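Visitor:
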Amino acid sequence: MDRLLTLEMFVAVASEGGFAAAARKLGSSPPAVTRGIAALEARLGTALFHRSTRAVALTDAGAAFLGEARRILADLAGAERALRGAAAAPSGQLHLTAPVMFGRLHVLPVVDAMMTKHRELGVRMMLIDRNVRIVEEGIDVAVRIGALADSGLKAVRIGRVRQMLVASPAYLARRGAPHGIADLKGHDLIGTMGPRWTSEWQFARERWRLPAPPRLTVNTVDGALAAAEAGLGIANLLSYQLAEAIDAGRLIALLEQEQPPALPVHLLFEPSRAALPAVRLFVEAMQARMRMAGLG
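The sequence shown begins at 1 in the UniProt record's numbering and counts up by one.
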């Protein structure tokens, strides 16, 4: 059986969670997909799936091979697009991921403009406040805020954001404003759950360990923002999350002289994706968006 076809079958079974679903996606039959996976496993000399009457799950070898299979298929698709002269016409599906609020404020407007101009382009957005596995989850471009881990992915820096402490005018009227980092010990603090949360807050010249868990902890940035605006305490959030509330006077920035260095904002993607029309257009549009927003 054709090697590329068996790779497509493997990726489809892994993505769809079963042979029948993969067959429907590929316009094939379950027996044909079963034969294709068996041929691929025989060629590789290892089982790629655990099979039962109720479920299909990747083996350790299958999970390790999935990223490589997706990369091979993506490279082939990119080469075919380039050969067809499709470089100037984004089309197909663009898979993106970004933090929830950043995606809503900055990625969605870019996606809206791209889809309006290019009718053959579709977009799948995963807005989530955690770092997803780009290759394994089939992501074309990921927005990452903060320092990057070493990887084989291509990174394009598009902007920067700052950590800020804020509180509402009502809270400050009731409790007073901290004049230094040590003063935070006597205040109500608002914590969040997610990849940015830590029990140590970074400032310009020191890391300050919270003396106790925050009095209030919420699981979304929107929730922490709403709690701060409601006067429940001091929140530690990022500048793009706070810009509207600060401009409107609902929140006031604190200890600005102690702000740490800005955090970089990058777009991450596999090097093989760089030449894809939709990826190239998205990168350029996000660079322009960040400059326009004063975050470039």
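Cβ atoms here follow ideal geometry from the backbone N, Cα and C, with glycine treated the same way. A quick note: this is a predicted structure, and the numbers were derived from the prediction, not measured.
Can the beta-carbon of Met164 be found less than 8 Å from the beta-carbon of Ser239?
Guide: yes
Visitor: Which same chain residues end up closer than 6 Å to Ser91 when comparing Cβ atoms and leaving out the 5 residues on each side of it in sequence?
Guide: Glu120 and Leu121
Visitor: Tell me, which residues are paired with Thr269 by DSSP?
Guide: The identity of residue 269 in the sequence shown is Phe, whereas the question assumes Thr. Paired residue(s): Lys154.
Visitor: Which ranges does the beta strand (DSSP E) cover as unbroken runs of at least 3 residues, wholly within the segment 204-268, from first to last along the chain?
Guide: 207-209, 216-218, 234-238 and 252-254
Visitor: For Val218, tell me which candidate among Pro30, Ala212, Ala235 and Ile139 has the shortest Cα-Cα distance.
Guide: Ala235
Visitor: List, from N- to C-terminal side, the beta strand (DSSP E) runs of 3 residues or more that fit wholly inside the segment 114-171.
Guide: 121-127, 141-145, 154-161 and 163-167
Visitor: Considering residue 299, what are the terminal residues of the beta strand (DSSP E) in which it resides?
Guide: The question about residue 299 has no answer here: the residues shown for the chain are numbered 1 through 296.
Visitor: Residues in its own chain within less than 7 Å of Glu41 by CB, not counting five upstream and five downstream?
Guide: Ala47 and Leu48
Visitor: Does the beta-carbon distance from residue 333 to Val56 come in below 8 Å?
Guide: Only positions 1 to 296 of the chain appear in the structure, and residue 333 is not among them; the question remains open.
Visitor: Measure the Cβ-Cβ separation of Ile190 and Leu232 and say whether it is below 8 Å.
Guide: yes
Visitor: Measuring alpha carbon to alpha carbon, tell me which residue in Met286, Ala32 and Gly138 is nearest Pro75.
Guide: Note on residue identity: the sequence assigns Asp, not Pro, to residue 75. Comparing alpha-carbon positions, the option among Met286, Ala32 and Gly138 lying closest to Asp75 turns out to be Gly138.
Visitor: Does the Cβ-Cβ distance between Leu66 and Ala14 come in under 8 Å?
Guide: yes
Visitor: DSSP three-state call for Leu7: helix, strand or coil?
Guide: helix
Visitor: To the nearest angstrom, how far is it from the Cα of Pro213 to the Cα of Leu73?
Guide: 47 Å
Visitor: Mind checking which residues open and close the alpha helix (DSSP H) that includes Ala57?
Guide: Where Ala57 is concerned, there is no enclosing alpha helix (DSSP H), although the beta strand (DSSP E) it sits in stretches over Val56 to Leu58.
Visitor: Taking the alpha carbon of Thr220 as the point to measure from, which residue in Lys117, Arg209 and Leu127 has its own alpha carbon closest?
Guide: Leu127
Visitor: Taking 8 Å as the cut-off, decide whether the C-beta atoms of Pro264 and Arg157 are in contact.
Guide: Closer than 8 Å, so yes.
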